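To keep things clear, I will list the structure first and then write my remarks on it.
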Amino acid sequence: MSFIDRDPGEGIATQQINKNYQSGQIIQANATGFGAASDDFMERGIDLNEQLIRNKPATFFFRVNSDAMLGAGIHIGDILIVDRSLPASSGKVVVAVLNGEFLVRRLQIQEHSISLVPENKKYGIIQVAQLEQYSTWGIVSFVIHSL
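Quick note: the sequence shown uses my numbering, first residue 938, plus one each step.
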């Protein structure tokens, strides 16, 4: 699979994480509130590719190295699952490229403007000017966060 090999600056680290996970057997799982449906997973295991990846060729993993999206539950060290095939729309958390720098922000589209909104008050809203080089690289579909 492909990956981006560049220094992302403040936004996200571009470390590629192995996409060839092997599904493992769950030996025992006790989950309050879940009935016999969990028995199915014990029989066949949980395949994270199946659960988290909708379009494998267009899906990339990134490790976060910024606290700009704490309010959205995205922390430093988390792994973002980014799907390049999903359409960008206002309100989505995106990986954006602005003047060659990768950023993770919430996309805000208004009639004549695009803004990249952080979810941490330490950072300001970025108003994308017409002359700036901007693209939405992909949509964050899942966050893997350790406890």
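Note that beta-carbon positions come from the ideal geometry of N, C-alpha and C, so glycine has one too.
Just so you know, these numbers come straight off a predicted model, no measurement behind them.
Cβ of residue i within 9 Å of Cβ of residue j?
| i | j | result |
| --- | --- | --- |
| Ser1078 | Val1019 | yes |
| Leu1007 | Gly1028 | no |
| Thr1073 | Ala1009 | no |
| Val1031 | Ile990 | no |
| Leu1063 | Leu1017 | One point to set straight first is that residue 1063 is Ile, not Leu, in the sequence displayed. Contact: no. |
Assign residue i to buried or exposed, taking buried as 16 or more other Cβ atoms, counted over all protein chains shown, within 10 Å of its Cβ.
| i | result |
| --- | --- |
| Leu1040 | buried |
| Ser1026 | exposed |
| Ser1050 | exposed |
| Ala1005 | buried |
| Ser1022 | exposed |
Just list the residues that DSSP pairs residue i with in beta bridges.
| i | result |
| --- | --- |
| Gln1070 | BP columns for Gln1070 are empty, so no partner. |
| Glu1038 | Leu1035 |
| Leu1084 | In the DSSP output, where bridge partners are listed per residue, Leu1084 has none listed. |
| Gly1087 | For the chain, the structure presents residues 938 to 1084; residue 1087 sits outside this window and is missing. |
Could you tell me the alpha carbon to alpha carbon distance between residue i and residue j, rounded to whole angstroms?
| i | j | result |
| --- | --- | --- |
| Pro945 | Gly1014 | Note that Pro945 scores 43 on pLDDT, short of 50, meaning its location in the model is unreliable; the coordinates nonetheless yield the value given after this. Roughly 14 Å between the two C-alpha positions. |
| Tyr1060 | Arg981 | 45 Å |
| Glu1048 | Ile983 | 43 Å |
| Ile1046 | His1012 | 24 Å |
| Tyr1071 | His1082 | 28 Å |
| Pro994 | Glu1069 | 29 Å |
| Leu1053 | Val1080 | 19 Å |
| Glu1056 | Arg1042 | 8 Å |
| Glu1038 | Phe997 | 17 Å |
| Ser1003 | Val1065 | 20 Å |
| Phe914 | Lys1058 | This structure gives no information on residue 914, because the portion of the chain shown stretches from 938 to 1084. |
Give the range of the beta strand (DSSP E) segment to which residue i is assigned.
| i | result |
| --- | --- |
| Leu1007 | Element bounds for Leu1007: n/a, residue is neither H nor E. |
| Leu1053 | Ser1050 to Val1054 |
| Ile1013 | First-last for Ile1013: undefined, no H or E at that position. |
| Arg1021 | No beta strand (DSSP E) contains Arg1021, which DSSP labels as neither H nor E. |
| Ile1063 | Ile1063 to Val1065 |
Got a sec, what are the start and stop residues for the alpha helix (DSSP H) residue i sits in?
| i | result |
| --- | --- |
| Leu989 | Leu985 to Leu989 |
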